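For the sequence shown, my numbering begins at 17 and goes up steadily by one.
All C-beta atoms, glycine included, are put in the ideal place defined by N, C-alpha and C.
The structure displayed is predicted, hence computed values, not measured ones.
Here the structure comes first, spelled out in structure tokens, and everything after it is commentary.
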Amino acid sequence: MSEQSWTIERITEALGNPALAQRFLGEINRAPAHELLQVFAKWQRIAQNTLNAFEGSSEIVAAVQRGEEPPGDWIDGTERLLQAAERIGSQGAA
């Protein structure tokens, strides 16, 4: 992603959720002048984190669609889940 300057419009778009964007716009519009930068910075972090999460999930989806292992460190919990299911099953229905 190219490095673009953060603006109110860009934050609104990056949030990707109309309700969240409305909340941001409400906060930025109601903020007193001396708190504007703080409110802006808070929402800029939220927007950046949202973009980062989306970018990471896109890479995972693309890898799975290609039939590859998803990138990153993954813990295989299959055995642990099977043991828990067996333990629950052996206790009988409640």
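*Following the continuous alpha helix (DSSP H) through residue 73, name the residue where it begins and the one where it ends.*
52 to 81
*asked:* What residue range does the alpha helix (DSSP H) around residue 49 cover?
replied: Careful: residue 49 lies outside any alpha helix (DSSP H) and carries neither H nor E.
*Using DSSP with H/G/I as helix, E/B as strand and the rest coil, what is residue 102?*
helix
_Reduced DSSP category for residue 91 - H, G, I as helix; E, B as strand; rest coil_ = coil
_Given this structure, state the Cα-to-Cα distance separating residue 71 from residue 96, to the nearest angstrom._
30 Å
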